[in-house]
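In what follows, a single structure is set out as structure tokens and then discussed.
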Amino acid sequence: MRKRRACQVVARRLGLNVNRVAALSQRASEAGLLPVATGSDRPHLTNLEFARLLICAVADDGLGKVPTTVRSFAALEGDGLQFVDWLEGAISGRVCLDGLLSIVFQLEPPACAVITGSAQMEFGQRADNHTTRVTAISGEALRNIVSDFQNDAWAGR
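All letters in the sequence shown, in the order written, are residues 0 to 156 by numbering that gives the first Met the number 0.
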């Protein structure tokens, strides 16, 4: 899946403004986190790059903070596993998402909680502050995004 199509899928499935997601992805590209088109060569996103795009769209903390935000969330660790590795595994199909209820993103300080029907996996340190900003992706939305990405990859688009 190419970056523009990925922005459209993420925006549609999460109810975000597609132009905002495109602007965030552009900042990530300028920072070297996503591929840049050169001439007629428009590369497809890898699973890792799609994970980074998803992080920059969901953990939107401003255009100027995109590189720092994506790197911070990607590097979060829980039980010896980095969040970006878990998310890449989910996108590639190596992690089963059937029981996933949601992923909760805490924006400051960066932290994530992957919540299933029977367990919760923490990445980073949750804040004890009652006014912390959080955002979440439902398990259903993530499954739909992953399905769109995988179907697009199989179709060779």
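Think of the CB as a built atom: it goes at the ideal place given N, C-alpha and C, for glycine as much as any other residue.
Owing to the predicted nature of the structure, the values given are computational and were not obtained by experimental measurement.
- DSSP, reduced to helix, strand and coil, places Ser39 outside both helices and strands of the structure shown, so it counts as coil.
- When Ala74, Leu96, Asp84 are compared, the shortest CA-CA separation from Ile114 is found for Leu96.
- Here DSSP, grouped into helix, strand and coil, assigns Glu107 to coil.
- Here the alpha carbon of Arg26 sits roughly 17 Å from the alpha carbon of Leu15.
- C-alpha of Gln7 to C-alpha of Arg125: approximately 31 Å in a straight line.
- With distances taken between CA atoms, Ala56 lies nearest to Leu13 out of Ser117, Gly123, Leu13, Asn150.
- Here DSSP, grouped into helix, strand and coil, assigns Leu141 to helix.
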